[in-house]
Every structure is written in structure tokens, then in C-alpha cells.
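Colleague:
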Amino acid sequence: RDNKKNRIIPRHVLLAIRNDEELGKLLAGVTIAHGGVLPNINPVLLPKKTASKEPKSPAKPASKSPKKA
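For what it's worth, the working numbering labels the leading residue of the sequence shown as 5, then goes sequentially.
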């Protein structure tokens, strides 16, 4: 990533404000033009993580159906 930004755009201002606790409280009701929104995914929609990974039992070979004559 290029960390040498030449310009401060409204998107950068919005991200800085929303990620800072004090500025976030101060400017809670402020709308920044062309700032966009913060990316947020509701935790309910995220895939569930399994607490313990059970070792998978070796798969049994599929039994073949008897051949017809």
C-alpha cells in the first residue's frame, strides 16, 4: 500500500473520525459529504466458527451395488 497520500479526501476524514472515540462522540450526528459509510457486517450474518475441530473419521469406501447380469 502507498502510505504517502498527497491529498486528504472526505473518505479519509470520515474513517479517521469514526475510528477515534473522542472525535466520534463529538461528531456523532455529522454527515460528511462524499464520505461514504463505515464497513460493517452484522455478526449474525457471519459464518459460525466451530469451537472444537473433531478429527474426521476415515471415510468408508462406498459399497458398490451388485452388478446385474
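Ideal Cβ placement from N, Cα and C applies to all residues, glycine included.
Computed from a predicted model, the values in this text were never measured in an experiment.
1) For the putative contact between residue 33 and residue 18, defined by C-beta atoms under 8 Å, what is the C-beta separation to the nearest angstrom?
2) Indicate the three-state DSSP secondary structure (helix, strand or coil) for residue 49 in the structure shown.
3) Counting along the chain, where does the alpha helix (DSSP H) carrying residue 20 start and finish?
4) I think residue 27 touches residue 36, with their Cβ atoms under 8 Å apart; what is that distance to the nearest whole Å?
Modeller: So, from the data block:
1) Here residue 33 refers to the residue found at position 29 of the sequence shown. Here residue 18 refers to the residue found at position 14 of the sequence shown. Their Cβ separation, rounded to whole angstroms, is 14 Å, which puts residue 33 and residue 18 out of contact at 8 Å.
2) For the purposes of this step, residue 49 is identified with residue 45 of the sequence shown, where counting begins at 1. It is helical.
3) Locating residue 20 in the sequence shown gives position 16, where the first residue counts as 1. Taken as a continuous stretch (DSSP letters only), the alpha helix (DSSP H) holding residue 20 covers 14-23.
4) Numbered from 1 along the sequence shown, position 23 holds the residue referred to as residue 27. Numbered from 1 along the sequence shown, position 32 holds the residue referred to as residue 36. About 12 Å separates the two Cβ atoms, so there is no contact after all.
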